[in-house]
Structures are given as structure tokens and as C-alpha cells.
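Colleague:
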Amino acid sequence: MTGTTPTTDSETGKTSAALSLQWQMLAGFIIGLSLGLVAYVAAPDARWINSITTYITGPIGQLFLRLLFMLVIPLLVSALIVGIAEMGEIRALRRVGLRTLVYTFVVSAIAVAVSLLVVDLLRPGAGIDPVAARAMLSDAGPGAQAILNRGEDAPQGMAAFIAIVPDNFVAAMAGNDILAVMVFSLFFGIGLVLVQTPQTKLLLSAMEGVLAVTMRLMGLVIRLAPIAIACFMFNLASQFGWDLLIRLSAYVGVVLLALAIQMFGVYSLLIAFIAKRSPLRFFADVQEATVMAFATASSNATLPTALRVAEDNLHLPRRIARFVLTIGATANQNGTAMFEGITVIFLAQFFSIELSIPQQLMVMMMCILGGVGTAGVPAGSLPVVAMILGMVGIPPEGIGLVLGVDRLLDMCRTALNVTGDLVAATVIAAGEEETPAAAS
Numbered sequence: 001m002t003g004t005t006p007t008t009d010s011e012t013g014k015t016s017a018a019l020s021l022q023w024q025m026l027a028g029f030i031i032g033l034s035l036g037l038v039a040y041v042a043a044p045d046a047r048w049i050n051s052i053t054t055y056i057t058g059p060i061g062q063l064f065l066r067l068l069f070m071l072v073i074p075l076l077v078s079a080l081i082v083g084i085a086e087m088g089e090i091r092a093l094r095r096v097g098l099r100t101l102v103y104t105f106v107v108s109a110i111a112v113a114v115s116l117l118v119v120d121l122l123r124p125g126a127g128i129d130p131v132a133a134r135a136m137l138s139d140a141g142p143g144a145q146a147i148l149n150r151g152e153d154a155p156q157g158m159a160a161f162i163a164i165v166p167d168n169f170v171a172a173m174a175g176n177d178i179l180a181v182m183v184f185s186l187f188f189g190i191g192l193v194l195v196q197t198p199q200t201k202l203l204l205s206a207m208e209g210v211l212a213v214t215m216r217l218m219g220l221v222i223r224l225a226p227i228a229i230a231c232f233m234f235n236l237a238s239q240f241g242w243d244l245l246i247r248l249s250a251y252v253g254v255v256l257l258a259l260a261i262q263m264f265g266v267y268s269l270l271i272a273f274i275a276k277r278s279p280l281r282f283f284a285d286v287q288e289a290t291v292m293a294f295a296t297a298s299s300n301a302t303l304p305t306a307l308r309v310a311e312d313n314l315h316l317p318r319r320i321a322r323f324v325l326t327i328g329a330t331a332n333q334n335g336t337a338m339f340e341g342i343t344v345i346f347l348a349q350f351f352s353i354e355l356s357i358p359q360q361l362m363v364m365m366m367c368i369l370g371g372v373g374t375a376g377v378p379a380g381s382l383p384v385v386a387m388i389l390g391m392v393g394i395p396p397e398g399i400g401l402v403l404g405v406d407r408l409l410d411m412c413r414t415a416l417n418v419t420g421d422l423v424a425a426t427v428i429a430a431g432e433e434e435t436p437a438a439a440s
């Protein structure tokens with residue numbers, strides 16, 4: 001297909017660069033954490049520490065976040081439109097494209113619901129001193145306070161549900177109403193699926209250009225992530241001390257638990273009851289692709305292996321396997337959506353911010369939409385997480401806490417993403433096999 005989402009890890013050199021950046025981010029995490037803990041132990045009330053966080057580490061982190069926020073709207077709009085439009089690009093597979101679209105959103109919703117349930121029950125972020133957390137909120141600056149005030153004035157109940165459909169798309173972008181922007185992008189992408197003309201193909205090509213440029217710029221910005229993470233971790237560790245490590249370990253455990261439930265629970269049920277296959281046999285057949293995804297932490301780099309596994313081991317029809325797996329590499333990202341949902345709720349607990357049920361539903365919807373067309377750059381889910389944090393009044397600086405351990409989690413959620421793509425191809429292929437018999 002012509003409209004594939006651009007990626008930065010499709011070549012060996014770029015994969016190596018992504019790996020190098022991950023190690024740089026880990027180094028920044030360790031350096032910032034170590035210096036912050038030293039400052040916390042040696043001089044917890046020293047004035048010079050406040051000066052460093054106010055005039056050095058704080059501004060550096062804020063500049064990094066502002067660069068992300070500057071690019072997040074064009075990135076999400078173009079990624080979501082292109083990701084949806086690609087599903088209808090092959091007219092002969094229009095029914096398969098529709099089934100893939102429905103499957104992607106339903107299973108993504110289940111994945112995010114599982115992740116939110118687990119993180120709400122286990123509460124890995126609870127236990128931090130609420131006084132210190134509130135102090136950090138009060139020092140978040142006028143930008144964060146404006147976000148907080150907007151959250152307090154946001155519509156509630158049915159009005160909030162109606163508000164997710166924007167009456168003015170430009171106003172929604174100007175007001176950083178990211179959920180309304182994503183809903184518009186979803187409908188616009190569906191429109192490009194329904195209208196197949198030379199003009200719409202040209203429009204899709206233009207959106208692919210916007211996506212390519214924005215992703216390139218995002219890649220440049222994310223190169224600054226190691227420095228920003230070091231600053232974020234110094235600020236957090238100098239204020240919260242050893243509690244930070246305890247909460248971080250609990251966070252990693254909850255993410256891995258949620259991914260395991262989706263992998264061996266939800267996927268097994270889909271394979272057994274919809275695809276009518278043995279889950280044990282299925283996981284044995286796809287283990288090569290799963291291991292490759294875990295090792296490379298890249299759905300796109302694993303795509304050739306996944307295609308071969310689908311055809312040789314699962315014996316799926318080639319036309320369905322190629323279509324579903326190619327789309328799934330960018331659109332069906334259950335692991336990424338789960339990571340985003342758990343991260344947002346974890347940081348809300350960490351900063352002692354109670355999110356209402358409507359707010360958590362909003363987070364859930366944004367994670368579902370954000371999982372469709374997440375940027376194929378290192379830490380590609382970073383802008384989505386940062387924007388969701390800002391919308392619900394959580395300091396976006398908290399992302400530094402989770403990015404330091406993101407390498408392991410990235411490997412695990414990529415394994416889930418690739419396995420989920422193969423599950424999707426198996427389920428959709430089973431439905432296609434039943435369709436001709438039902439029609440006759």
C-alpha cells in the first residue's frame with residue numbers, strides 16, 4: 001500500500017540510533033536520580049537546591065515539554081487520519097478493513113479497561129507524602145495552573161460526553177482540547193476511507209507529508225530527552241527521596257501484570273472462542289515473532305517475521321495476513337495503549353490527584369485513540385502521555401519518572417503489540433472464512 005506510516009526504526013542504522021537513545025535516557029535517569037537522592041539525604045532543606053530546581057533543572061524540563069506540546073497536535077491529527085485512512089486504501093479488502101477497524105477499537109478498549117482496573121485496584125503510586133506532592137503542584141508554574149483551572153471548569157456528566165464532539169475544530173485545537181481533536185481526526189480518517197477520488201488521495205498524501213515532517217521534528221526534540229529526564233529525576237528525587245524507588249518498582253510490576261493479563265487472558269479467549277483454535281498451539285506457533293519483538297522493541301522491525309509466521313505457521317490467507325499485520329504495526333497497539341493508561345493513573349496517584357470516573361473514561365478514550373498511529377520514533381508515546389497528563393491536571397514533569405525504566409517496558413509492550421497483531425489477523429481470517437458459507 002502507498003500510505004504507510006513513516007517510521008524511524010525500519011532501517012538498521014536507525015534502529016541502532018533508537019537503541020543508543022534508550023541507553024542515553026537510562027543514563028540520564030540514573031544520573032538525575034542519584035544526584036537527587038544525594039541532595040535529599042545531604043541537605044533536604046538547603047536553599048541552593050531550590051535555586052537549582054527553580055533556575056536550572058526546572059526551566060530545562062519545561063522547555064522540553066513545551067517543544068513536545070508544540071508538535072503534539074499536528075502529530076496526533078496526521079497520525080490518526082493516516083492510520084484510519086490506510087485501512088480503506090485497498091478497495092478489494094474494504095470489508096476486511098472495516099472488520100480490522102472495529103476489532104482494533106474493541107480490543108483496544110478491553111486492553112485499556114484491564115489496565116485501568118489493575119492500576120486502580122493495586123494503586124502503585126499511592127503512599128507518597130501528599131504534602132510534598134501538593135507542594136510540587138503549587139510550584140508547577142502558571143502554565144500548569146492554567147491547565148488545572150481548565151480542568152476544574154470542564155463540563156461534567158452528559159455535557160462532558162457531548163463535548164468530545166467539537167462544534168469548532170479550530171477552536172478545539174487552539175484550546176488544546178485533545179480528545180475533541182482526536183475525535184475529529186477519527187471521523188476525517190473514516191471520511192477518507194469512504195471517499196476514494198484522486199483529490200482525496202492527494203489530501204491523504206499531504207497528511208502523510210505533515211506526519212513525516214512532524215515525526216522528524218519530534219525525533220529531534222526527543223534527542224533532548226536524556227537531559228530532560230535527568231532534570232526531572234533530580235527534581236523528583238530531591239523532593240520525594242527513597243519513596244520514589246518504592247513507587248517506581250510497584251509501577252513496573254503493575255505494568256507487567258496488566259500486559260500479562262491481556263496476553264494470556266484476553267488473547268487466549270479471542271483465539272479459543274472466536275478463531276476456534278487452541279491458545280497453547282497459537283502461542284507456540286507465534287513465539288518466534290514474539291521473541292523478535294521483545295528483542296528489538298520495534299513492531300516495524302518485526303513485521304517481516306510476523307508475516308512469515310502468519311503464513312507458514314498459522315496458515316492464514318496471504319491477502320488478509322499482509323493487510324492486517326501491516327495496519328496493525330501502526331494502528332493495533334494494545335501494549336502502548338495500556339502503558340499510557342497505567343502511566344497516567346499511576347502519576348495521578350503519585351501526586352495525590354483523585355480522578356473521577358468521567359475523567360478516567362476520558363483517559364481511556366484518549367489512550368484508545370492514541371494507540372492508533374502512535375509515532376514510530378523512540379519514546380513515540382511520550383507526547384500522548386504528556387498531553388493527557390496536562391489535561392487531567394497532573395504535572396507533565398512526572399513522565400521523567402517512567403521514561404527511565406521505559407526500555408524494559410517497551411520491550412514487553414512491543415511483544416504484546418506484535419502478538420496482538422497476529423491474534424487480530426487470526427480472528428479476522430476466521431471471520432472471512434465463515435462469510436462465504438453464510439452468504440450462500
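Here my numbering is used: the first residue of the sequence shown is 1, the next is one more, and so on. Where a beta carbon is used, it is the ideal one built from N, C-alpha and C, also for glycine.
For E340, is the classification buried or exposed, using 16 other Cβ atoms within 10 angstroms of its Cβ as the cut-off for buried?
Modeller: Position 340 of the sequence shown, counting from 1, holds the residue named residue 340. Its Cβ being crowded by 16 or more others within 10 Å, E340 is buried.
Colleague: For L409, which residues in the same chain have their Cβ closer than 6 Å to its Cβ, ignoring the five residues on either side in sequence?
Modeller: Position 409 of the sequence shown holds residue 409. Closer than 6 Å at the Cβ level, and outside the excluded window around L409, lie V255.
Colleague: For P166, which of helix, strand or coil comes out of DSSP?
Modeller: Looking up residue 166 in the sequence shown gives position 166. P166 falls in the coil class under three-state DSSP.
Colleague: Beta-carbon within less than 7 Å of R247's beta-carbon, same chain only, minus the 5 sequence neighbours each way: which residues are those?
Modeller: Taking the first residue of the sequence shown as position 1, residue 247 is located at position 247. These residues qualify, in order along the chain: P124, G125, G127, I128, F350.
Colleague: For the alpha helix (DSSP H) holding A275, just list the boundary residues, first then last.
Modeller: The count along the sequence shown starts at 1 and reaches residue 275 at position 275. First-last for A275: undefined, no H or E at that position.
Colleague: Find out if the Cβ-Cβ distance for the pair V418, T296 is shorter than 7 Å.
Modeller: By one-based count along the sequence shown, residue 418 stands at place 418. By one-based count along the sequence shown, residue 296 stands at place 296. Not in contact: V418 and T296 (Cβ atoms no closer than 7 Å).
Colleague: Flag this pair as yes or no: are the beta carbons of M25 and I229 separated by less than 7 Å?
Modeller: Position 25 of the sequence shown holds residue 25. Position 229 of the sequence shown holds residue 229. Cβ atoms of M25 and I229: closer than 7 Å.
Colleague: Return the chain-ordered ranges of every alpha helix (DSSP H) run that is complete within the stretch 204-285 and spans a minimum of 4 residues.
Modeller: Whole alpha helix (DSSP H) segments, 4+ residues: 225-240, 243-261, 267-273, 279-285.
Colleague: Are the beta-carbon atoms of T57 and C231 separated by less than 7 Å?
Modeller: Translated into positions along the sequence shown, residue 57 becomes position 57. Translated into positions along the sequence shown, residue 231 becomes position 231. Closer than 7 Å, so yes.
Colleague: At the level of alpha carbons, what is the spacing between F188 and L211?
Modeller: As a working mapping, residue 188 is identified with position 188 in the sequence shown. As a working mapping, residue 211 is identified with position 211 in the sequence shown. About 15 Å.
Colleague: Figure out for me which residue from V82, A39, M182, G36 has the closest Cα to the Cα of I388.
Modeller: Within the sequence shown, the letter at position 388 stands for residue 388. When only C-alpha atoms are compared, the closest one is M182.
Colleague: Mark I357 as exposed unless 16 or more other C-beta atoms lie within 10 angstroms of its C-beta, in which case mark it buried.
Modeller: By one-based count along the sequence shown, residue 357 stands at place 357. So I357 ends up on the exposed side.
Colleague: Taking the CB atoms as reference points, tell me whether L67 and V221 lie closer together than 7 Å.
Modeller: Numbered from its first residue, the sequence shown carries residue 67 at position 67. Numbered from its first residue, the sequence shown carries residue 221 at position 221. Cβ atoms of L67 and V221: closer than 7 Å.
Colleague: So for L355, helix, strand or coil by DSSP?
Modeller: Residue mapping note: residue 355 aligns to position 355 of the sequence shown, counting from 1. Reduced to three states, the DSSP call for L355 is coil.
Colleague: In terms of alpha-carbon separation, which member of A174, M215, V195, L236 lies closest to I31?
Modeller: In the sequence shown, counting from the first residue as 1, residue 31 sits at position 31. Cα-wise, what sits closest to I31 is L236.
Colleague: Does the distance from the C-beta atom of V72 to that of P383 stay below 7 Å?
Modeller: The count along the sequence shown starts at 1 and reaches residue 72 at position 72. The count along the sequence shown starts at 1 and reaches residue 383 at position 383. Contact flag set, yes.
Colleague: Can you tell me where the alpha helix (DSSP H) with R66 in it begins and where it stops?
Modeller: For this step, residue 66 is matched to residue 66 along the sequence shown. Start and end: 58-85.
Colleague: Quick one, which of T197, L202, L403 has its alpha-carbon nearest Q22's?
Modeller: As a working note, residue 22 is residue 22 in the sequence shown. Closest option to Q22, Cα to Cα, is L403.
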